[in-house]
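Reading through the structure tokens given below for one structure.
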Amino acid sequence: MKNIAEFIAQIENKKCSYNAWVYAKEGCYKQLNSGNAINCYSYLREMTEYHLQIVVELDNNKLENYLLLSEINVATHIAFNDQKVTAIAA
463 MKNIAEFIAQ
473 IENKKCSYNA
483 WVYAKEGCYK
493 QLNSGNAINC
503 YSYLREMTEY
513 HLQIVVELDN
523 NKLENYLLLS
533 EINVATHIAF
543 NDQKVTAIAA
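Numbering (our numbering), first residue to last: 463 to 552.
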């Protein structure tokens, strides 16, 4: 686990591309359209101010998923499948 600012800075430094998903309803998430954002990392920072739960799917030669919980300022590794969080790392 790490704080959200540290997580975003890390993926920005590595220039990782990502997909972002926000909580929709009944345990499911819907994908955000971040492709049109001029600076996708500042867009992600901004989205953490408006959404309590964001799933970030990194595309950096291996698929990694993280759950950003803005209420407690934590980014943690998760398993994400079919628009649902299936497991959270301890």
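Quick reminder that beta carbons are idealized off the backbone N, C-alpha and C, glycines included.
Identified DSSP bridge partners for His513: None; His513 has no bridge partner.
Asn533 versus Leu514 - alpha carbon distance: In the sequence under discussion, the amino acid at residue 533 is Glu, which differs from the Asn named in the question. Distance between the alpha carbons of Glu533 and Leu514: 6 Å.
For Cys490 and Tyr528, the rounded distance between their alpha carbons: 15 Å
Candidates Phe469, Asn475, Thr538, Glu519, of which the one nearest Gln545 by Cα: Glu519
Nearest-angstrom Cβ-Cβ length linking Thr510 and Leu494, presumed shorter than 8 Å: Not quite, the Cβ-Cβ distance comes to about 11 Å (not below 8 Å), so this is no contact.
Endpoints, the beta strand (DSSP E) within which Gln527 is located: According to the sequence shown, residue 527 is Asn rather than Gln. Element bounds for Asn527: 525-531.
Beta strand (DSSP E) segment containing Gln493, residue limits: 490-493
Three-way DSSP call (helix, strand, coil) for Asn475 in this model: helix
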